[in-house]
Structures are given as structure tokens and as C-alpha cells.
Amino acid sequence: MVVEKYKDADTTSDGSIEGELTRIIIYIIGAAIIAGVLTFFMRQTIINVSRYIEFDLKNEVYEQYQKLSLNFYKKNRTGDLMNRISEDVGRVRMYVGPAIMYSINTITLFVIALIYMFNTAPKLALYTIVPLPILSVIIYKLSKEIHQRSTIVQEYLSKLSTYTQESFSGISVIKAYGIEPLTATNFNQLALTSKEKQLSLAQVQAWFFPMMILLIGASNLLVIYIGGMQYINGEIESLGTIAEFIIYVNMLTWPVATVGWVTSIIQQAEASQKRINEFLKLEPEIKNSVKEQTQINGNIAFKNVSFTYDDTNIQALKNVSFSINEGETLAILGKTGSGKSTILDLIGRLYDIDNGEIKINQISIEKHNLTNLRDSIGYVPQDAFLFSDSIKNNIKFGKENTTEEDVIEAAKNAQVHKNIIGFNNGYDTVLGERGITLSGGQKQRVSIARAIIKSPKILLFDDCLSAVDTETEEKILKNLNKVSKGKTTIIVSHRISSAKNADKIIVLDDGEVVQEGTHEALVDINGYYKELYLKQLSETFK
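Numbering (my numbering), first residue to last: 181 to 722.
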């Protein structure tokens with residue numbers, strides 16, 4: 181009976197142990213499943229949100245770039261602007277995504293583990309966390325150094341982007357002068373310096389993980405030594421407590437290791453956000469302070485207008501005064517650097533004047549809605565810029581909701597239709613960067629088509645026929661006279677042939693109006709216009 185009693189006791193004991201083990205296994209599996217599900221949803225939430233933030237920030241930066249004036253683009257390089265909207269925004273995303281996610285993981289695990297450790301053996305727990313304050317000090321010191329070096333690394337990435345962008349944009353010049361080896365050497369030197377800065381940053385970042393492992397190892401040694409002494413002295417009941425603490429410390433290994441990685445991300449994001457904010461906080465020089473739109477009829481008046489470029493401190497215009505009525509054509513002639521193109525820039529309010537007043541519709545230009553003003557202008561710049569898109573879309577750029585018939589009509593008026601249909605893909609021909617596929621004259625004529633398809637109230641032509649022959653010029657001018665009827669037109673040119681049919685002609689010299697009148701009146705007066713007329717007339721008959 182005694183034997184049977186002991187057998188029953190053993191069976192009960194074994195059943196209890198088996199039941200306890202089963203329950204623990206179920207708890208572990210359940211906890212793992214819950215942790216996995218929660219981790220999945222946390223990653224889905226935080227990482228997705230970080231992508232939305234990246235999207236919004238890139239759009240915010242791009243919109244800010246659009247608002248800033250031409251002076252801003254003269255002072256800053258394209259490569260640097262591109263790097264800030266790509267590399268820097270990407271680093272900020274890493275902060276609001278992975279960095280926050282792993283920080284939550286680390287904090288949660290730390291709190292839970294420490295609570296269990298202090299509930300189990302408070303004194304041993306205190307000794308175990310002794311290395312943590314040391315770790316905090318090390319992280320603080322390294323973080324400061326990482327921040328400084330990250331800023332330098334980002335600056336050099338911008339320099340690399342700028343140099344690369346300029347080299348590719350000017351590849352035809354580089355090849356024409358045969359300086360590919362020189363540009364490659366310059367790029368190599370810049371890349372070498374950038375590599376050195378990157379290695380300098382990596383050397384500091386490399387301290388993080390070894391320090392983490394060292395301090396985690398120190399914690400394990402403290403647990404074994406202090407825990408062993410406490411067990412010997414009877415302060416803790418079981419060696420299992422020491423094993424439990426070692427498990428806790430090793431559970432904290434990855435979270436502690438991520439502290440260094442997260443800190444590095446935060447420092448890099450801080451440096452990048454600082455660079456982004458430099459431009460985000462800039463106030464646009466040209467402000468659109470008028471919300472309501474007004475009808476633009478094309479009456480333009482300059483009254484004692486003076487203007488100086490900020491970047492060069494060159495005074496482009498000095499007390500310039502003239503007026504042009506709706507539907508009239510004004511031609512502007514003068515030597516290089518006399519201020520002709522500046523007048524067109526001021527009419528489009530790409531710059532604000534220093535002194536004087538510009539009136540459109542008898543209203544000061546600052547009191548017009550900026551978007552409405554520019555939408556009423558068709559502008560053909562001196563350096564025709566075309567996008568890496570089809571010829572059709574480049575012409576439609578002036579008016580998106582237009583028909584294919586209108587595109588062809590505009591191309592015909594610009595005398596470029598025959599050139600376009602000669603290409604394999606016709607109007608669907610995709611141009612290279614900056615329209616490199618086309619010749620200089622073709623680019624100018626496509627640019628003219630883009631301006632006139634808008635049918636704006638004001639047409640501005642900035643020496644846009646300089647790359648075409650005189651016969652083509654005559655045909656274009658004849659067509660322009662037809663399409664510009666009822667529109668105010670300003671033509672900047674070096675050719676008398678482009679100016680002679682204008683209702684009014686002004687001649688600029690060193691930023692001042694030195695002659696004004698019609699073609700017939702000016703050829704009878706000694707001065708720049710007559711000299712230019714006689715010179716070009718003699719060249720025609722040679």
C-alpha cells in the first residue's frame with residue numbers, strides 16, 4: 181500500500197510538472213505569436229507613415245524651390261538642391277521610420293526586463309545595470325562627433341552631385357576641348373576627399389557596436405560574479421535566478437546595440453534636417469500678395485526704373501522710361517550687356533525693381549496676381565530651354581489642354597513644322613536633355629511655338645531668332661505679325677530686320693535709353709541705330 185501511495189504521488193508530481201511545462205510552452209508560443217503580430221502592425225504603421233512623411237517633405241521642398249526667385253538659383257548649385265531633396269530627405273525618413281520603431285522596441289523591452297529583474301533580485305539588478313550610465317556618456321560623446329562629421333559628409337555629397345550634374349550637362353564642351361582626363365582627375369580628387377570624410381564618419385560609428393558588446397559582456401560577468409556570491413551567501417535561493425538574469429541581459433543585447441545605430445541615424449537626420457530647413461525657411465523675394473485675379477490687356481509703362489543685380493552688383497537699368505499700348509510692338513536694341521533682357525525679366529516679375537515703377541493696365545506690377553500675370557505672358561528666352569520629352573509635349577508645355585492641330589499650327593507659324601515631320605517619330609520624337617537632339621535654330625523655333633500656342637496678351641521675344649538664317653527669320657516675323665495682332669509684343673534683337681516693322685523702337689546703352697522712335701525716324705538720326713542699320717545693310721549686299 182505504501183508503494184502504491186508513493187507511485188500515486190510520483191504520478192501526480194510528474195503530471196503536475198508536465199502540465200506546468202505544457203502551460204509554459206503555450207505561453208511562450210502565444211507570446212511569440214502576439215509579439216510577431218504586433219511587430220508586423222507596428223512596422224506597417226510606422227514605416228508606411230515614414231514614407232508618407234518623406235513624400236510630403238519632398239513635395240514641400242520642391243514647392244519651396246518653385247517659389248524662390250532667380251537670385252536663389254544663381255547663388256545655389258543644382259547638384260546641391262538635388263541632394264537636399266533626395267539624400268537629406270531620405271535620412272530624415274530613416275529617423276521618423278526605423279529609428280522611432282527600434283526606439284519603441286528598445287524602451288518597451290528595457291522596461292519589461294528591468295521590472296522582472298528588480299522583482300526577482302533587486303540588488304543583483306542594480307549591479308547589472310551599472311554599465312548603462314557609462315554607456316549613456318559614451319553615446320553622448322560619440323553622437324556629438326557623428327553629428328559634426330555627418331554634416332561634412334552631406335556637404336561633400338552635394339559637391340559630388342553638383343560636379344557630376346555640371347559635367348553631364350556640359351559634356352559636349354568637355355568633349356570639344358578634349359578635357360575628359362582633367363574632369364576625371366578633378367572628380368577623382370573630389371570623390372577621394374568625400375571617401376575620406378565618409379571613412380572618418382565610419383571610424384566614429386565603428387565604436388558603437390564594440391562598446392555595446394563590451395558593456396553587455398561586463399554585465400554578464402557582474403551577473404555571474406555578484407549572483408554567485410549572493411547564492412553562496414544565501415541571498416538568492418536558486419542558481420536559476422542567475423541563469424534568468426543572464427537571459428535578461430542577453431535579451432537586452434540587441435536593443436542596446438540598436439541604441440548606437442538609432443543614435444547615428446538621429447544625428448545624421450538632424451544634420452540633414454538642418455540643411456533642408458536652410459531653404460525651407462527662406463522667404464521668397466518675389467511675393468504674390470494679391471489673391472484676386474485681374475484682366476491683363478497689355479498696356480505696359482516703365483517710369484524711371486532702376487535695377488541692380490544682387491549677385492554681381494551690376495546696375496543693369498538706370499532711370500529707364502517708356503510705354504507701350506495694347507496691341508503694339510516694341511523693339512529693343514543695344515549692345516551686349518545694355519539691359520535688354522533685364523527689361524523682359526522685370527515685365528515677367530522675375531525680379532523686383534530697386535527704384536521707379538512698372539505699370540501694367542495702369543496698375544503697379546506688384547498689385548497684380550503673380551500667377552495671373554505670368555499666365556498672360558508668352559516668353560521666349562535667349563537661351564531656348566527644352567525638356568527631355570517629346571517635341572509635341574514641349575510645344576504643349578505652354579498650353580496643356582490644347583489639340584494636336586493647334587500644336588501643328590504653332591509649329592508652322594514658327595517655321596519648324598517641316599523639320600519636325602522629317603524626324604522618324606515626328607512630333608513624338610523624344611528630345612535629349614535640354615533639347616540636345618535639335619540644332620540651335622530648331623530649339624529657338626520650338627520655343628517660339630511654345631510661346632505663341634498660349635495666345636497670351638503679352639509676347640516677349642528675347643533675341644530668339646539669332647540662330648536662324650535671314651530667309652527663315654523673314655518668314656517667322658511675317659507669321660508673328662499675324663499671330664500677334666491685338667497682342668502686346670516686345671522683341672529684343674541685334675538685327676534691324678527684326679525691329680524695323682515695330683510700332684516703336686528703343687535703343688539701350690549701359691542701362692539707359694539713348695534713342696527712341698520708329699525705324700524711319702531713327703535711320704535719319706546719327707547714332708547707334710543708324711550705324712547698325714548701315715552696317716547690316718552693307719553686309720546684306722556683300
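Backbone N, C-alpha and C fix where the C-beta goes; we use that ideal spot for every residue, glycine too.
Note to self: Output needed for isoleucine 656: all residues of its chain with C-beta closer than 6 Å, excluding positions within five of it in sequence on either side, in chain order.
What the structure shows: Excluding residues up to 5 positions away in sequence, Gln595 lie with their Cβ nearer than 6 Å to the Cβ of isoleucine 656 in the same chain.
Subject >> DSSP-derived helix/strand/coil call for leucine 566 >> reply: Per DSSP, reduced to three states, the secondary structure at leucine 566 is coil, with no helix or strand assignment.
Exercise. Going along the chain, which residues of its own chain have a beta-carbon closer than 7 Å to the beta-carbon of asparagine 251, five neighbours each way excluded?
Worked result: Within the same chain, asparagine 251 has close Cβ partners Glu465, Asp490 and Asp491.
ask   = Where DSSP assigns a beta bridge to threonine 258, which residues make up the other side?
value = Bridge partners of threonine 258: none, in fact.
Tell me the DSSP secondary structure of alanine 398 in three-state form. Helix, per DSSP.
Starting from valine 500, trace the alpha helix (DSSP H) both ways and give me its first and last residue. That residue, valine 500, is in no alpha helix (DSSP H); its beta strand (DSSP E) goes 495-504.
Notebook entry, point to check: In whole angstroms, what separates the C-alpha of leucine 497 from that of glycine 536?
Noted result: Spanning the two alpha carbons is a distance of roughly 11 Å.
Whole angstroms are fine: how far does the CA of leucine 289 sit from the CA of tyrosine 186?
Confidence at tyrosine 186 is low in this model, with a pLDDT of 39, below 50, so the placement of that residue is unreliable and no value is reported for it.
Nearest-angstrom Cβ-Cβ length linking leucine 340 and leucine 381, presumed shorter than 8 Å
Taking 8 Å as the upper bound for CB-CB distance, leucine 340 and leucine 381 are not in contact here, some 15 Å apart.
- What three-state label does DSSP hand glutamate 585 in the structure shown? Helix.
Pop quiz: serine 556 and isoleucine 671 are said to be a contact at Cβ under 8 Å. What is the actual Cβ separation, rounded to whole angstroms? 18 Å between Cβ atoms; not a contact.
Quiz item: Since glutamine 695 sits in a beta bridge, which residues does DSSP pair it with?
Solution: Looking at the DSSP assignment, glutamine 695 forms a beta bridge with Val687.
Of the residues Ser469, Ala679 and Ser486, which one's Cα is nearest the Cα of aspartate 534? Comparing Cα-Cα distances from aspartate 534 to each of Ser469, Ala679 and Ser486, the minimum goes to Ser486.
CB contact flag (lysine 375, valine 333, <8 Å) = Their beta carbons are not under 8 Å apart, which means lysine 375 does not touch valine 333 by this criterion.
Item to check | Classification of methionine 409 by the beta-carbon crowding that lies within 10 angstroms, buried from 16 upward | outcome: Exposed, since its Cβ has fewer than 16 Cβ neighbours within 10 Å.
On the DSSP letters alone, give me the boundaries of the alpha helix (DSSP H) that isoleucine 512 sits inside. Taken as a continuous stretch (DSSP letters only), isoleucine 512 belongs to no alpha helix (DSSP H), being part of the beta strand (DSSP E) at 509-514.
- Query: Looking at the structure shown, is glutamate 346 part of a helix, part of a strand, or coil, going by DSSP?
  - Reply: Of the three classes helix, strand and coil, the one that applies to glutamate 346 here is helix, per DSSP.
ask   = Is the closest heavy atom of the ligand GDP to the C-beta of asparagine 549 under 7 Å?
value = With respect to the ligand GDP, the structure shown offers nothing to examine, as it has no ligands at all.
Exercise for the section: Report the three-state DSSP secondary structure of phenylalanine 459 (helix, strand or coil). Expected result: Three-state result, phenylalanine 459: helix.
### Query
Looking only at its own chain, which residues have a Cβ that is under 6 Å from the Cβ of serine 323, when we skip the five neighbours before and after it?
Take serine 323, set aside five residues on each side of it, and the residues of its chain with a beta-carbon closer than 6 Å to its own are Thr443 and Gln447, in chain order.
Where the alpha helix (DSSP H) through asparagine 368 begins and ends: Note, asparagine 368: alpha helix (DSSP H), 360-385.
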